[in-house]
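A.B. asks: Read top to bottom, the protein sequences are chains A and B.
Note that the numbering used here numbers the first sequence so that position 242 is 243, with each residue one more than the last.
Note that the numbering used here numbers the second sequence so that position 101 is 102, with each residue one more than the last.
All C-beta atoms in this analysis are idealised placements derived from N, C-alpha and C, irrespective of residue type, glycine included.
There are 2 protein chains.
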Amino acid sequence: MVPHITHKLRGFEELEEPAEQWLAEVASRNLRDVRPKVDLLRQGDCTGPMHILIEGWAIRYKTLEDGRRQILSVLLPGDLFDINGFMASSMDHSIAALTGVTLARLDNDFLDTARREHAALEKALWCDIHVTAAIQREWSTSLGQRTARERMAHLLCELYIRQRQVELADGGRCPFPLTQIELAEALGMTPVYVNRTLQDLRREGLVQLEHKMLTIFDLAQLKRVALFDSGYLKICDDDGGASAEKESDYAF
Amino acid sequence: MVPHITHKLRGFEELEEPAEQWLAEVASRNLRDVRPKVDLLRQGDCTGPMHILIEGWAIRYKTLEDGRRQILSVLLPGDLFDINGFMASSMDHSIAALTGVTLARLDNDFLDTARREHAALEKALWCDIHVTAAIQREWSTSLGQRTARERMAHLLCELYIRQRQVELADGGRCPFPLTQIELAEALGMTPVYVNRTLQDLRREGLVQLEHKMLTIFDLAQLKRVALFDSGYLKICDDDGGASAEKESDYAF
DNA sequence: CGAAGCATTGACCCTATTCAATTTTGGTGG
DNA sequence: CCACCAAAATTGAATAGGGTCAATGCTTCG
Numbered sequence: 002m003v004p005h006i007t008h009k010l011r012g013f014e015e016l017e018e019p020a021e022q023w024l025a026e027v028a029s030r031n032l033r034d035v036r037p038k039v040d041l042l043r044q045g046d047c048t049g050p051m052h053i054l055i056e057g058w059a060i061r062y063k064t065l066e067d068g069r070r071q072i073l074s075v076l077l078p079g080d081l082f083d084i085n086g087f088m089a090s091s092m093d094h095s096i097a098a099l100t101g102v103t104l105a106r107l108d109n110d111f112l113d114t115a116r117r118e119h120a121a122l123e124k125a126l127w128c129d130i131h132v133t134a135a136i137q138r139e140w141s142t143s144l145g146q147r148t149a150r151e152r153m154a155h156l157l158c159e160l161y162i163r164q165r166q167v168e169l170a171d172g173g174r175c176p177f178p179l180t181q182i183e184l185a186e187a188l189g190m191t192p193v194y195v196n197r198t199l200q201d202l203r204r205e206g207l208v209q210l211e212h213k214m215l216t217i218f219d220l221a222q223l224k225r226v227a228l229f230d231s232g233y234l235k236i237c238d239d240d241g242g243a244s245a246e247k248e249s250d251y252a253f
Numbered sequence: 002m003v004p005h006i007t008h009k010l011r012g013f014e015e016l017e018e019p020a021e022q023w024l025a026e027v028a029s030r031n032l033r034d035v036r037p038k039v040d041l042l043r044q045g046d047c048t049g050p051m052h053i054l055i056e057g058w059a060i061r062y063k064t065l066e067d068g069r070r071q072i073l074s075v076l077l078p079g080d081l082f083d084i085n086g087f088m089a090s091s092m093d094h095s096i097a098a099l100t101g102v103t104l105a106r107l108d109n110d111f112l113d114t115a116r117r118e119h120a121a122l123e124k125a126l127w128c129d130i131h132v133t134a135a136i137q138r139e140w141s142t143s144l145g146q147r148t149a150r151e152r153m154a155h156l157l158c159e160l161y162i163r164q165r166q167v168e169l170a171d172g173g174r175c176p177f178p179l180t181q182i183e184l185a186e187a188l189g190m191t192p193v194y195v196n197r198t199l200q201d202l203r204r205e206g207l208v209q210l211e212h213k214m215l216t217i218f219d220l221a222q223l224k225r226v227a228l229f230d231s232g233y234l235k236i237c238d239d240d241g242g243a244s245a246e247k248e249s250d251y252a253f
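#1: At which residues does the alpha helix (DSSP H) containing Gln222 of chain B begin and terminate?
#2: Which one of A:Glu151, A:Cys175, A:Phe177 has the shortest CA to CA distance from Met190 of chain A?
#3: Over what stretch of residues does the alpha helix (DSSP H) that includes Val167 of chain A continue unbroken?
#4: Enumerate in chain order the residues of its own chain whose CB-to-CB distance from Arg138 of chain B is below 8 Å, with the five nearest sequence positions on each side excluded.
#5: Going along chain A, which residues have a C-beta under 7 Å from His94 of chain B?
#6: Can you list, in chain order, the residues of its chain with a C-beta nearer than 6 Å to that of Arg36 of chain B? Leave out the 5 residues immediately preceding and following it.
#7: For Leu73 of chain B and Leu223 of chain B, what's the separation of their Cα atoms in angstroms?
#8: Could you tell me which of B:His94, B:Leu184, B:Leu220, B:Val195 sits nearest to Thr142 of chain A, measuring between CA atoms?
#9: Report yes or no: is there a C-beta of chain B within less than 7 Å of the C-beta of Tyr233 of chain A?
#10: Interface residues of chain A around Gln71 of chain B at Cβ under 8 Å?
#11: Starting from the Cα of His119 of chain A, find the closest Cα among A:Phe229, A:Pro19, A:Leu10 and give me that residue.
#12: Can you tell me the Cα-Cα spacing of Gln71 of chain B and Tyr194 of chain A, whole angstroms?
#13: Does the separation of the CB atoms of Gln166 of chain A and Gly12 of chain A fall below 7 Å?
#14: Between the beta-carbon of Glu56 of chain A and the beta-carbon of Ala121 of chain A, is there less than 7 Å?
#15: For Asp250 of chain A, would you say it is in contact with chain B, using Cβ-to-Cβ distances shorter than 7 Å as the test?
#16: Mapping DSSP to helix, strand and coil, what is Glu91 of chain A?
#17: At what residues does the beta strand (DSSP E) containing Arg33 of chain B begin and finish?
#18: Using a Cβ-Cβ cutoff of less than 8 Å, which residues in the same chain neighbour Gln297 of chain A once the five nearest sequence positions on both sides are dropped?
#19: Cβ closer than 7 Å: which chain A residues qualify as neighbours of Ser90 of chain B?
#20: CB Thr198 of chain B to CB Ala149 of chain B, shorter than 7 Å?
#21: Any heavy atom of the ligand MN closer than 6 Å to the beta-carbon of Lys213 of chain B?
#22: Near Trp23 of chain B, which residues of its chain fall below 7 Å by C-beta distance, leaving aside the five closest residues on each side in sequence?
#23: Measure the alpha-carbon distance for Leu179 of chain B versus Leu99 of chain B and round it to whole angstroms.
#24: Could one say the Cβ of Ala59 of chain A lies closer than 7 Å to chain B's Cβ atoms, at least one of them?
Below, the structure written as structure tokens:
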């Protein structure tokens with residue numbers, strides 16, 4: 002049973018067998034389960050140790066004094082946080098479990114050990130950090146420049162492709178536990194308009210969203226709608242007419 | 002003549018004399034001047050070596066296929082880029098000189114040397130990276146949740162305070178070379194509305210923006226308008242009624 | 001002194017918000 | 001298995017925040 006993070010890191014660097022074993026081991030030690038909606042780390046807290054999200058979805062978010070909330074990014078199985086947290090400073094944002102989640106807490110020497118003993122893996126970790134920052138920038142671009150419809154399409158593409166990278170999506174279908182309210186907080190729009198926007202996309206036969214599952218009927222077209230430029234995720238990102246076929250063709 | 006970056010890093014960690022000397026030296030070697038509006042690094046390029054921005058302003062930005070452009074952040078004197086660039090991957094965004102700028106190119110072993118020989122300085126560099134990421138998140142929050150007026154006020158606060166950290170601002174006044182068009186691209190709004198928003202803030206006696214200089218008449222009030230929570234910059238951030246007085250009181 | 005870029009203004013319009021009501025879903029306990 | 005409740009999804013109508021278009025004035029700089 003290969004953990005999700007391994008799939009993701011393989012996309013960045015070829016990993017040696019010992020590195021994969023070590024990774025699988027640290028990803029199965031110090032596990033902790035957290036119930037849905039619980040904050041893992043709150044704005045103002047001291048930063049904690051590094052973690053891998055093993056199962057479930059989490060979010061980073063920021064709250065304004067008056068209660069408005071912006072979801073800053075979505076953490077999927079295989080994602081790391083908080084890197085760099087080790088330098089005692091305080092959190093500028095919060096992290097919360099969206100669904101029930103399982104976390105693996107990493108030892109403080111995780112990065113050092115990776116550097117010393119598994120060079121390729123360390124490089125892959127840096128790539129991952131780099132991609133994480135690129136995702137953040139893409140969100141800014143979406144929020145600043147894309148219309149509601151484009152933003153929605155873009156987020157659906159991102160979350161589908163990122164899940165595909167960790168083997169959680171296939172044939173145009175993937176888990177999608179975000180409520181419309183949460184989508185609204187991520188996209189900087191109102192729940193009402195999220196609903197209407199989703200209906201438009203559905204009516205056009207592009208996507209379907211029910212029972213916490215997303216189905217993308219036409220990924221290529223959805224990407225066109227989103228002005229989605231896959232470069233920033235730097236990995237497998239084929240599409241082809243029907244998203245069910247042609248699941249290969251890595252850009253890396 | 003202490004370089005701007007030294008002022009900033011001092012805000013994060015007490016620096017030893019040898020560290021400061023080394024920093025001043027690397028900040029004065031391998032200098033390069035670039036004219037206004039020139040791209041330093043373009044979307045799709047391979048990432049280059051690390052640099053310090055010595056003088057002038059630069060921007061990170063991202064362009065959509067159809068030409069829409071989002072400014073992702075503003076680089077001020079003393080800012081570093083691109084950290085982590087060393088791992089051969091391609092740029093997901095561009096960096097351009099906004100004004101004429103002076104850059105110092107850093108050797109590839111810059112971070113390693115810092116780690117080996119100037120521990121406090123290395124820590125300060127990590128803090129800086131951390132703050133840079135926090136700024137990015139704050140922009141997302143602005144773009145997603147704040148109104149045009151709040152966003153504008155917030156950006157003015159940010160750029161004033163960041164300049165104060167590198168001794169470029171004082172008594173409510175600082176350089177401000179952004180055009181209204183560029184402000185629009187940073188704030189995700191149109192130039193026309195930027196103009197109207199600025200006029201509102203001016204009419205209320207909060208700010209003035211002319212001859213590439215920003216004057217903030219009432220920082221405390223401007224922050225209130227912006228829902229500005231200074232924690233994310235983790236440094237000097239007093240205000241007090243009139244922003245001209247009481248330039249002390251560090252939060253770090 | 002001319003031209004290009006930037007700032008400003010007015011009028012109109014549209015995307016997305018607000019408010020409020022209704023229906024559906026999912027989870028819980030009896 | 002059904003009844004119940006809270007949370008989420010959906011709908012409609014009215015509205016506002018900010019965009020669009022187009023014209024004019026102002027700078028700056030070669």
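C.D. replies: Once the coordinates are examined:
#1: 220-227
#2: A:Glu151
#3: Segment: none, Val167 of chain A is in no alpha helix (DSSP H) and carries neither H nor E.
#4: Tyr233
#5: Arg138
#6: Gly101
#7: 22 Å
#8: B:His94
#9: yes
#10: Ser141, Thr142, Gly145, Gln146
#11: A:Pro19
#12: 23 Å
#13: yes
#14: no
#15: Interpretation of Asp250 of chain A is limited by its pLDDT of 30, a score under 50 that renders its predicted location unreliable; no figure is taken from the coordinates.
#16: According to the sequence shown, residue 91 of chain A is Ser rather than Glu. Three-state DSSP puts Ser91 of chain A in a strand.
#17: 32-35
#18: A query on residue 297 of chain A cannot be resolved here, the shown segment of chain A reaching from 2 to 253 and no further.
#19: Cys128, His131, Lys235
#20: yes
#21: The ligand content of the structure shown is nil, which means the ligand MN is not present either.
#22: His119
#23: 8 Å
#24: no
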